[in-house]
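In terms of mature numbering (1 follows the signal peptide of the UniProt record, and there is no 0), the sequence shown is residues -18 to -1, 1 to 140. Backbone N, C-alpha and C fix where the C-beta goes; we use that ideal spot for every residue, glycine too. Notes follow once the structure below has been shown.
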Amino acid sequence: MPCFRYLLLILACSVLNACSVLSPYSDLTKLELHINASEQLNPNLHGRPSPLVLQLVELSHPTAFEQADYFALQHRAPQLLAADLLAMEELELRPGEQRMLKLALQPQTRYLGLVASYRDLNSSRWRITLDVQQRERNAAQIQLNAYGFGQANSDGAP
């Protein structure tokens, strides 16, 4: 019976902790990211829209990320970005897809780098960097067009 009480206590603490993480009043850095992919996203050699992979890169400083070429970021990001890299995540987007992500960012995150794997890198705007306000609720909207990122809008709150 004492084991059951301890287990119940641990479960209750976990639930309360989860509530504080999801609370809009917590001091975590959060980002609500709205992603809109164009119907003409990433055309292939025949002009047909194609899916692409989008990388989300949490950064403490953006300089190395903004100066790196696409292939270096794909193959050597941890070495290249070294101390600036806090976390990375990938997702696949299909033409016409819309997503809304609610992200709890690392405490040191000040920038979110986005890398889109377009087929025609030479003609594409394949990278953008968003400013993130620490310990705030941030919101951003990005548009992925046929050949690159469209206008990105970000602010401190949704």
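Contacting residues, own chain, Cβ-Cβ under 6 Å from residue i (five flanking each side not counted)
i: SER32; result: ASN24, ASN26
i: GLU74; result: PRO33, VAL35
Three-state secondary structure (DSSP) of residue i
i: LEU62; result: helix
i: THR111; result: strand
i: GLN56; result: helix
i: ASN26; result: coil
i: GLN49; result: helix
i: SER136; result: strand
Cα-Cα separation, residue i to residue j
i: VAL97; j: GLN37; result: 5 Å
i: ALA139; j: THR11; result: In this prediction, ALA139 has a pLDDT of 49, which is less than 50 and means its spatial position is unreliable; what the coordinates show is noted afterwards. For ALA139 and THR11, the distance between alpha carbons rounds to 11 Å.
i: ASP51; j: HIS16; result: 25 Å
i: ASN18; j: TYR100; result: 15 Å
i: SER20; j: PHE131; result: 10 Å
i: GLN116; j: PRO89; result: 7 Å
i: HIS57; j: ARG92; result: 23 Å
Min CB distance residue i to chain C below 9 Å
i: GLN123; result: The structure shown contains no chain C, having only a single protein chain.
One or two residues paired with residue i in a DSSP bridge
i: residue 141; result: Absent from the structure is residue 141, since the part of the chain shown begins at -18 and ends at 140.
i: ASN127; result: GLY130
Extent of the continuous alpha helix (DSSP H) to which residue i belongs
i: GLU71; result: Taken as a continuous stretch (DSSP letters only), GLU71 belongs to no alpha helix (DSSP H), being part of the beta strand (DSSP E) at 67 to 75.
Residues near residue i by beta carbon distance below 7 Å, same chain, minus five either side
i: SER105; result: TYR129
Continuous beta strand (DSSP E) stretch holding residue i: start and end
i: ARG81; result: 80 to 86
i: GLN37; result: 34 to 41
Same chain only: Cβ atoms within 8 Å of residue i, ignoring 5 sequence neighbours per side
i: PRO77; result: ALA19, SER20, GLU21, GLN22, LEU23, ASN24, PRO31, SER32, PRO33
i: GLU72; result: VAL35, LEU36, GLN37, LEU38
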